[in-house]
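Using this note's numbering, read the sequence shown as starting at 26 and increasing by one per residue.
Below is one structure, written out as structure tokens, with a few remarks after it.
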Amino acid sequence: MDRFLGIVDQLRDEGGCAWDRAQTLDSLKDSFIEECYEVIDSIDTGDIDHHMEELGDLLLHICLQSRIRKEEGAFVFNDVVERIAEKLIRRHPHVFGDAPAEDPVTALKSWESMKAEEKKETRESVLDGVPRQLPALHRAQRLQGRAARVGFDWDKVENVVDKIDEELEETKSALVEGDSDKLKDEIGDLLFAVVNLSRFQNISSEDALSGTIGKFISRFQYVEKKIKEEGRKLSDCSLDEMEHYWQESKSLED
Numbered sequence: 026m027d028r029f030l031g032i033v034d035q036l037r038d039e040g041g042c043a044w045d046r047a048q049t050l051d052s053l054k055d056s057f058i059e060e061c062y063e064v065i066d067s068i069d070t071g072d073i074d075h076h077m078e079e080l081g082d083l084l085l086h087i088c089l090q091s092r093i094r095k096e097e098g099a100f101v102f103n104d105v106v107e108r109i110a111e112k113l114i115r116r117h118p119h120v121f122g123d124a125p126a127e128d129p130v131t132a133l134k135s136w137e138s139m140k141a142e143e144k145k146e147t148r149e150s151v152l153d154g155v156p157r158q159l160p161a162l163h164r165a166q167r168l169q170g171r172a173a174r175v176g177f178d179w180d181k182v183e184n185v186v187d188k189i190d191e192e193l194e195e196t197k198s199a200l201v202e203g204d205s206d207k208l209k210d211e212i213g214d215l216l217f218a219v220v221n222l223s224r225f226q227n228i229s230s231e232d233a234l235s236g237t238i239g240k241f242i243s244r245f246q247y248v249e250k251k252i253k254e255e256g257r258k259l260s261d262c263s264l265d266e267m268e269h270y271w272q273e274s275k276s277l278e279d
């Protein structure tokens with residue numbers, strides 16, 4: 026680790042890399058988010074070597090941001106490590122203390138309880154602390170979960186489904202009215218209700234949609250492949266012709 030930190034220092038020092046020296050915390054934000062998604066993608070694909078490489082890229086960002094803060098006189102990388110080490114010990118009294126927690130559910134409740142205790146003096150709302158930069162589906166599910174923990178939740182799944190039906194009808198009405206602003210609001214309400222169903226059933230809405238996107242890509246690429254084998258372009262085909270291969274692709278999945 027010392028070797029790696031030394032390399033990062035050399036990149037930022039006078040005579041180092043012009044690009045690395047020019048970076049700021051703001052300029053790194055987009056690529057940091059991209060690296061996080063690339064780590065997730067490497068996990069999903071099961072490519073171990075790629076996963077290792079992407080974790081390294083993510084670590085570079087953490088060290089580079091720490092170096093920038095060091096230049097500002099704020100903190101150094103070791104402070105980051107010490108802070109998380111202290112947090113892990115503090116929030117795991119069942120491991121580093123005498124508190125009992127014999128199963129994952131109890132351990133998670135203990136963690137959340139201690140986290141809430143630590144944050145209560147700095148948060149005015151139970152919804153505070155959910156990053157605004159999260160993907161919309163993920164953020165919605167996190168916020169819904171926060172509200173549910175204090176009792177603001179449906180009693181049973183049927184109520185959630187009824188809410189989806191209600192929002193769908195309102196979306197249809199807005200579509201008929203032709204009011205684009207209202208339609209946008211209603212589509213948002215509908216999506217929020219569907220995410221609530223995922224949360225209520227302990228399903229990640231992000232994972233659910235990602236799975237559907239994967240199926241769409243696979244099926245559409247099958248359509249492209251079959252049309253290309255016929256020596257034609259998609260633009261030359263009718264919707265019925267493309268639908269035929271789409272359904273054929275679906276049948277091959279069963």
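Glycine residues also receive a C-beta, built at the ideal position from the N, C-alpha and C atoms.
Handout entry: Three-way DSSP call (helix, strand, coil) for residue 101 in this model
Key = Along the sequence shown, one-based indexing puts residue 101 at 76. Assigned with DSSP and collapsed to three states, residue 101 falls in coil, not helix or strand.
Exercise for the section: Give me the Cα-Cα distance between residue 94 and residue 259, rounded to the nearest whole angstrom. Expected result: As a first step, residue 94 must be located in the sequence shown, where it is residue number 69. As a first step, residue 259 must be located in the sequence shown, where it is residue number 234. Rounded to whole angstroms, residue 94 to residue 259 spans 52 angstroms at the Cα level.
Handout entry: Three-state secondary structure assigned by DSSP to residue 258
Key = The sequence position of residue 258 within the sequence shown is 233, counting from 1. Correct three-state label for residue 258: coil.
Problem - Alpha-carbon to alpha-carbon, residue 173 and residue 131 - result: As a position in the sequence shown, residue 131 is number 106, starting the count at 1. As a position in the sequence shown, residue 173 is number 148, starting the count at 1. Distance between the alpha carbons of residue 131 and residue 173: 18 angstroms.
Problem - Length of the line joining the Cα atoms of residue 121 and residue 139 - result: Taking the first residue of the sequence shown as position 1, residue 121 is located at position 96. Taking the first residue of the sequence shown as position 1, residue 139 is located at position 114. Residue 121 and residue 139: Cα-Cα distance of roughly 14 angstroms.
Problem - Rounded separation between residue 61 and residue 84 - CA only - result: Here residue 61 is taken as the residue at index 36 of the sequence shown, counted from 1. Here residue 84 is taken as the residue at index 59 of the sequence shown, counted from 1. If you draw a straight line from the Cα of residue 61 to the Cα of residue 84, it comes to about 10 angstroms.
Practice task
Would you check if the distance between the CB atom of residue 215 and the CB atom of residue 249 is smaller than 8 angstroms?
Solution key: Sequence index remark: in the sequence shown, residue 215 carries index 190 (1-based). Sequence index remark: in the sequence shown, residue 249 carries index 224 (1-based). No, Cβ-Cβ distance for residue 215 and residue 249 is not below 8 angstroms.
Handout entry: Cβ pair count under 8 angstroms reaching 3, the segment 181-200 against the segment 209-226
Key = At 8 angstroms Cβ cutoff, the stretches touch.
Exercise for the section: Just confirm the distance between the C-beta atoms of residue 212 and residue 237, as a whole number of angstroms; I'd bet it's less than 8 angstroms. Expected result: Residue mapping note: residue 212 aligns to position 187 of the sequence shown, counting from 1. Residue mapping note: residue 237 aligns to position 212 of the sequence shown, counting from 1. Contact doesn't hold; Cβ gap of about 17 angstroms is too wide.
Practice task
Kindly give me the distance between the Cβ atoms of residue 233 and residue 243, rounded to whole angstroms, as I take these residues to be in contact under 8 angstroms.
Solution key: Taking the first residue of the sequence shown as position 1, residue 233 is located at position 208. Taking the first residue of the sequence shown as position 1, residue 243 is located at position 218. 16 angstroms between Cβ atoms; not a contact.
Handout entry: Three-state class that DSSP yields for residue 154 in the structure shown
Key = As a first step, residue 154 is located in the sequence shown; it is residue number 129 there, counting from the start. When DSSP states are grouped into helix, strand and coil, residue 154 belongs to the coil group.
Handout entry: Three-state secondary structure (DSSP) of residue 67
Key = As a first step, residue 67 must be located in the sequence shown, where it is residue number 42. In the structure shown, residue 67 sits in a helix (DSSP, three-state: H, G or I).
Practice task
Could you say if the segment 48-65 and the segment 73-91 meet the contact criterion of at least three C-beta pairs nearer than 8 angstroms?
Solution key: Enough Cβ pairs lie closer than 8 angstroms, so yes.
Practice task
Please classify residue 181: does DSSP put it in a helix, a strand, or coil?
Solution key: Position 156 of the sequence shown, counting from 1, holds the residue named residue 181. Three-state DSSP puts residue 181 in coil, outside helix and strand.
Handout entry: Alpha carbon of residue 18 to alpha carbon of residue 270, nearest angstrom
Key = Outside the shown range of the chain, which is 26 to 279, sits residue 18, and nothing can be said about it.
Exercise for the section: Report the rounded CA-to-CA distance for residue 169 versus residue 181, giving the unit in angstroms. Expected result: The sequence position of residue 169 within the sequence shown is 144, counting from 1. The sequence position of residue 181 within the sequence shown is 156, counting from 1. For residue 169 and residue 181, the distance between alpha carbons rounds to 15 angstroms.
Practice task
Decide if residue 230 is buried, meaning its Cβ has at least 16 other Cβ atoms within 10 Å, or exposed.
Solution key: The residue you call residue 230 lines up with position 205 of the sequence shown. With 16 or more other Cβ atoms inside 10 Å of its own Cβ, residue 230 counts as buried.
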